[in-house]
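These notes are about the structure you will find just below.
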Amino acid sequence: MNLFRRSILIMVAIAAIAVISLSAWNYLKNTGSRNEVKAQTAENWVERTVETEPITTNLLEGGWIKVQFAIETDSPKIKQTLENTSFQTQSIILKIVAQLKREQLGGQAGLQLVEEAVRDKLNETLGGQRVLRVYTTDRLIQ
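Residues in the sequence shown are numbered from 0 upward in steps of one, following numbering that gives the first Met the number 0.
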């Protein structure tokens with residue numbers, strides 16, 4: 000009986016060591032891949048991002064706005080497509096911004112409203128989730 004208990008105790012200890020080892024190995028493996036993804040994202044960001052020219056337009060109830068955006072795409076190919084059809088991008092931005100009032104464009108909520116609207120309309124035009132994020136890089140409301 001004493002031998003049986005020792006055998007069970009040894010097997011439980013070996014199983015516990017195995018579980019701890021596998022957990023540690025899995026954690027370390029995933030940490031390394033996360034760092035690689037972050038580095039890859041930082042390096043490829045420029046290859047996937049389009050900057051618009053400054054766009055100036057009138058607002059709905061008087062005044063005007065000058066805006067400029069950086070548009071992050073999912074691939075360099077989509078970036079090239081946006082660069083080749085920049086007139087469409089400018090038209091989309093003009094249509095979105097021109098229908099807003101000065102009060103709607105103020106603050107962080109206003110920026111987010113325009114960025115999301117531009118992203119959604121570009122994705123609709125490109126057919127899919129090709130635009131990941133739109134960043135406002137310059138804004139002047141008068």
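Glycine included, each C-beta is placed from N, C-alpha and C at the ideal position. Quick caveat: nothing in here was measured; it's all calculated off a predicted structure.
Cβ neighbours of residue i in the same chain (closer than 7 Å, five flanking residues each side left out)
| i | result |
| --- | --- |
| Val-133 | Phe-68, Ile-70, Glu-114, Val-117 and Arg-118 |
| Gly-126 | none |
Rounded straight-line distance, which links the Cα of residue j to that of residue i
| i | j | result |
| --- | --- | --- |
| Ile-19 | Ile-7 | 18 Å |
| Leu-131 | Ala-12 | 49 Å |
| Val-66 | Asn-29 | 40 Å |
| Asn-43 | Thr-136 | 19 Å |
| Asn-25 | Ala-15 | 15 Å |
| Ile-9 | Gln-111 | 60 Å |
| Leu-58 | Glu-52 | 18 Å |
| Phe-143 | Ala-23 | Residue 143 lies beyond the stretch modelled for the chain, which goes from 0 to 141, so this question has no answer here. |
| Asn-1 | Leu-27 | 39 Å |
| Gln-128 | Lys-94 | 21 Å |
| Asp-73 | Glu-60 | 36 Å |
| Gly-105 | Thr-55 | 16 Å |
| Gln-107 | Ala-17 | 51 Å |
| Ser-90 | Val-45 | 23 Å |
Candidates the options: closest to residue i by CA position
| i | options | result |
| --- | --- | --- |
| Gln-98 | Ile-64, Leu-125 and Val-130 | Ile-64 |
| Asn-122 | Thr-88, Ala-17, Val-96 and Asn-25 | Thr-88 |
| Ile-92 | Gln-107, Thr-124, Arg-129 and Ile-16 | Thr-124 |
| Pro-75 | Asn-57, Gly-106 and Arg-47 | Arg-47 |
| Lys-120 | Gly-106, Gln-107, Leu-81 and Gly-105 | Leu-81 |
Cβ shell of residue i (< 6 Å), same chain only, five flanking positions each side left out
| i | result |
| --- | --- |
| Gly-109 | Gln-103 |
| Gly-62 | Arg-101 and Gln-141 |
| Leu-21 | none |
Local Cβ density within 10 Å of residue i, reported as buried at 16 or more and exposed below that
| i | result |
| --- | --- |
| Thr-84 | exposed |
| Arg-4 | exposed |
| Leu-139 | exposed |
Integer Cβ distance of residue i from residue j, believed to fall under 8 Å
| i | j | result |
| --- | --- | --- |
| Lys-78 | Val-96 | Their Cβ separation, rounded to whole angstroms, is 22 Å, which puts Lys-78 and Val-96 out of contact at 8 Å. |
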